[in-house]
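Note sheet for the following structure.
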Amino acid sequence: MITQNSNEEPSYLDYKGKYKGIFGWILSTDHKRIGLLYLFSIMSFFVIGATIGLLMKFELIAPGKTIITAQTYNAFFTLHGIIMIFAVVIPGLPAVFGNFLLPIMIGAKDVAFPRLNLLSWYFYVTGVTLVLISQFTGQGPPDTGWTFYAPYSFRTTGNMLPAVFGAFVLGFSSILTGLNFLVTIHRLRAPGMTWLKMPLFPWTLYATGWVQLLATPIIGITLLMIAAERVLHIGFFDPTLGGDPLLYQHLFWTYSHPAVYIMILPAMGAISEIIPTFCHKTIFGYNFIVASSIAIAFVGYFIWGHHMFTSGMSGTALYTFSLLTFIVAIPSAIKVFNWISTMHKASIDLQTPFYWAVGFLFVFMIGGFSGLVLGSLATDIHLHNTHFVVAHFHFIVFGGTGYAFFGAMHYWYPKITGKMYDSRWANIGLIIFFTGFITLYGAMFFLGMKGMPRRYYDYDEIFHTGNIISSLGAMVMYFGLAVIIINLVASLKNGRKAPSDPWGGKTLEWTIPSPPPVENFNEIPVITKGPYNYK
Amino acid sequence: MISTAEIHRDDETSKTGMWLFLFTEMLLFGGLFIVYSVYRYRNPVAFHFAAQELSVVIGTINTIILLVSSATIAMSITAIQKKNKKLALLLLGVTILLGLAFLVNKYFEWGEHFKEHIYPGSSVLALRGQGDVLFYGLYFFMTGLHALHIIIGLVFIIVIATSILRDKIDSENHVLLENSGLYWHLVDLIWIFLFPLFYLIT
Amino acid sequence: MAENEKNHIIPYRTFLYVLAGLIALTLTSVTLTQISLGTLTVVIALIIAAIKSSFVLRIFMHLKFENKMFSRAVIGVIALLCAVITITLLDYLNR
């Protein structure tokens, strides 16, 4: 498709710039190095968040106090939520793989604003630092849950301000990344790459970029209002001053529901890359996948109210939000049908990334269907604020975004590091992880249906068996994660050298050496065909 | 560190980035307009009477100040395009002075309220009822955030003016001046809505 | 399209005319709202504000002379904000 780069050009990993050692990384404006900065920081916070999650499951293994107090449990689920949502899954795929691959996949040398890109990483680190500071200063850690619901968030003695401000700064980082990607896609596509010749991962990043840009400011201002409420008693959400706490929920979910699509859209994009590559086939229904990404981003903006079905909204609002929620399931289903159709009659190369993609489909479908259960008004009344909801969003957010993240990790690992990983251990890790995952969250569905509430550190004896199963699943899953991560890290040293196109992919990143040279392309490629040309 | 950082200048890219940033600003204030709509709907009478206490005269003067300053910064772009550096700097100077005048007015306006013990969290205000608390809460929060944007805009314009002085911005390369103008106009745009919502709809 | 518009120079007097128009609209809106017109006051004030902002957007912010993409995006963002306000009010108006 394009000219191969000469191998004399140093790879971005070997490149010696103005700065040496660690400064060569933290002051680099190269999109590939920034992508790895994000990868390293996000994985670190992911391990912290997962460990806190595991500790919570240890606490829940028996009724009553097991290893931590109720107050610590509250702090734990708050920190687990803030870290996992704001610092791991929201930046996750865009900041790591988007940064690394978006310019390469559209045939550009870098993003549109490289320095802004680095700045957004600094915002990211500052934001997480503020959140972590909130744990160790003031009168105890925040205990509101990651949702910061009013009026508790300005009444609690917990140290809310740094956490709220940290989330604000993380939002700013997310906005800058989205803005950068939007401009990059508008302005820097290679000659000949028309909109409908663009690969699907960049397409989902484009849709995500708009959501990041247009939804995040709402949470920004809402968090500022919470801060003003705490410091100045301004009364917006305080019922004693005439404010309406429900309005806080409206504003919070006006961002935080679209945020779910910030998490899942790039994940869907990564899956859309993996499936055609291992099927050696053009993706089925390219136009429909593109259109459904846009539709998800658009409709996803108007369905926030389904988080508030039991909060006391008006009937009209309830029906509207329920209807819109059902509508947003359609484009997601279209994507699933297209992926399955791509596999139909294909000679599939069964490699680790493909297994992750299939795992994604499986858990995403369970997550999606359970979402419909919660989207209908009557069943939601029973299931609201139970473990069913926790299971649902872990199937979607961890099952969807997490599986796609690890799928993308295994798919692009040879390109990013220039090394092949050990597939056998990768597959073993996946199987252990998958078993643990289904046990952990599957059990929660049943617990929730029986009525076990979320965010409780204690429970009735009838929930005991389910919790034991769930906690065992957590341990298995944690062990699987360790196998996966250790294998990837060990392969950095032991893996054999990766060729430029180990899987037979057809998008632009596979036309350049692994790892890519500093400037990506010697000559900017000219695009004449669609992205998945397997003829 | 890497030469890709110095991609050749592309004004369209820079302007696109600025517009996208302005969209986030619009929605930042948009969130507050949502809050305003809800509480105005719930407290029509209190908002009606509270709004009458704000000085329409000062509000109108401030509106005109911002409109004029918007025109002067827009004209400074024309000046720089016509290679008239002095006029461009003069117009930017006028913009900065008008921005400062706006802030001074705002200072005295807020000062008057503070003297009457009207500020967020004040017990005197709380006695006047919930509608008044919300109206003044919104008033201080929104105009305060707007004033913060004025300050940021002024800093931005001062930086740009220095660049013009050093000939870093000229008739060939003035996209940064245009971007600072866009930012300033957005601040004006928001005031165009804040003014009727707080001062006029009595 | 964008390339040849980049050097579009707007004459000074255009800005002065627009400024005069904006000030006139401001004074009109102040005058009209001082008369008690009930709920119409809100409508009038907001319509005038919308007219003023379209002047600022089109002339001061050059949208009239830029790539159409910018205008479309601005309209889209404003429409989105209006939609969000409407949906939020769906709850409050019917509660």
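Chains as they are written, first to last, in my numbering: chain E, 34 to 568; chain H, 8 to 209; chain A, 1058 to 1152. Ideal Cβ placement from N, Cα and C applies to all residues, glycine included. These numbers were taken from a predicted model, which means no experiment stands behind them.
CA-to-CA distance, residue j to residue i, given in whole angstroms
i	j	result
L541 of chain E	V522 of chain E	26 angstroms
Y114 of chain H	F73 of chain E	47 angstroms
A57 of chain H	T210 of chain E	42 angstroms
T472 of chain E	P549 of chain E	40 angstroms
I1116 of chain A	L1076 of chain A	10 angstroms
D277 of chain E	I1144 of chain A	17 angstroms
G100 of chain H	V551 of chain E	44 angstroms
S178 of chain H	I1135 of chain A	33 angstroms
T105 of chain E	E92 of chain E	10 angstroms
P184 of chain E	M89 of chain E	25 angstroms
T150 of chain H	L356 of chain E	38 angstroms
T102 of chain H	T249 of chain E	31 angstroms
F109 of chain H	V52 of chain H	29 angstroms
T343 of chain E	N418 of chain E	9 angstroms
A145 of chain E	V216 of chain E	6 angstroms
Y206 of chain H	T70 of chain H	11 angstroms
T102 of chain E	A108 of chain E	10 angstroms
D534 of chain E	F36 of chain H	48 angstroms
M346 of chain E	V1131 of chain A	31 angstroms
CB of residue i within 7 angstroms of CB of residue j, strictly
i	j	result
G280 of chain E	V45 of chain H	In the sequence on display, residue 280 of chain E carries Leu and not Gly. Yes.
L163 of chain E	G199 of chain E	yes
I322 of chain E	L233 of chain E	yes
P235 of chain E	I139 of chain E	yes
I80 of chain H	W191 of chain H	yes
G68 of chain E	N150 of chain E	no
S478 of chain E	A411 of chain E	Per the sequence shown, residue 478 of chain E should be read as Phe rather than Ser. Not closer than 7 angstroms, so no.
W389 of chain E	G440 of chain E	yes
P364 of chain E	I307 of chain E	no
A261 of chain E	L298 of chain E	no
L60 of chain E	Y52 of chain E	yes
G144 of chain H	I267 of chain E	yes
R148 of chain E	T20 of chain H	no
G160 of chain E	V197 of chain E	no
I373 of chain E	F311 of chain E	no
F79 of chain E	V121 of chain E	yes
Other residues of its chain near residue i: CB distance less than 6 angstroms, five sequence neighbours each side excluded
i	result
W286 of chain E	W337, H340
T315 of chain E	Y565, Y567
T618 of chain E	There is simply no residue 618 of chain E to check, as chain E begins at 34 and stops at 568 in what is shown.
V244 of chain E	P291, Y294, I295, A330
A1102 of chain A	S1086, T1090
For residue i, the three-state DSSP class (helix, strand or coil)
i	result
T215 of chain H	The question about residue 215 of chain H has no answer, for chain H in this structure spans 8 to 209.
P486 of chain E	strand
S44 of chain E	strand
K452 of chain E	strand
P174 of chain E	coil
T150 of chain H	helix
T472 of chain E	helix
T1096 of chain A	coil
T36 of chain E	Confidence is the limiting factor: at T36 of chain E the pLDDT is only 41, short of 50, which leaves the residue's position unreliable and the question unanswerable from this model.
T1090 of chain A	helix
K530 of chain E	strand
T419 of chain E	strand
P51 of chain H	helix
P96 of chain E	coil
P127 of chain E	helix
P548 of chain E	coil
Neighbourhood of residue i by C-beta distance below 8 angstroms, restricted to the same chain and skipping five residues each side
i	result
V131 of chain H	E123, H124, I125
I176 of chain H	I87, I167, S170, L183, L184
V332 of chain E	L357, I360, V361, P364
Beta-carbon proximity list for residue i, same chain, < 7 angstroms, skipping 5 on both sides
i	result
S186 of chain E	T177, M193, I259
I118 of chain E	W179
Y354 of chain E	Correcting the residue identity first, residue 354 of chain E is Phe in this sequence and not Tyr. The residues are I336, G338, H339.
G188 of chain H	I80, A81, I84
Minimum Cβ-Cβ distance from residue i to chain D less than 7 angstroms
i	result
Q88 of chain H	In the structure shown, chain D does not exist; the protein chains are E, H and A.
Closer than 6 angstroms: residue i CB and nearest the ligand FAD heavy atom
i	result
H283 of chain E	Inclusion of the ligand FAD in the displayed structure is not the case, the ligand content being empty and no account of it being possible.
Fill in: Chain-ordered residues of the segment 1128-1145 of chain A with a beta carbon less than 7 angstroms from chain E
Taking a C-beta cut-off of 7 angstroms against chain E, the contacting residues of the segment 1128-1145 of chain A are V1134, L1137, A1140, V1141, I1144, T1145, listed in chain order.
Fill in: Near-chain A residues of the segment 30-59 of chain H - C-beta to any C-beta below 8 angstroms
Listed in sequence order: F30, M33, L34, G37, F40, I41, S44, V45, Y48, R49.
Practice prompt. Give the residues from the segment 178-200 of chain H that approach chain A closer than 7 angstroms (Cβ to any Cβ), ordered along the chain.
Written response: Taken in chain order, the members of the segment 178-200 of chain H whose beta-carbon sits within less than 7 angstroms of a beta-carbon on chain A are L189, H192, D195, L196, I199, F200.
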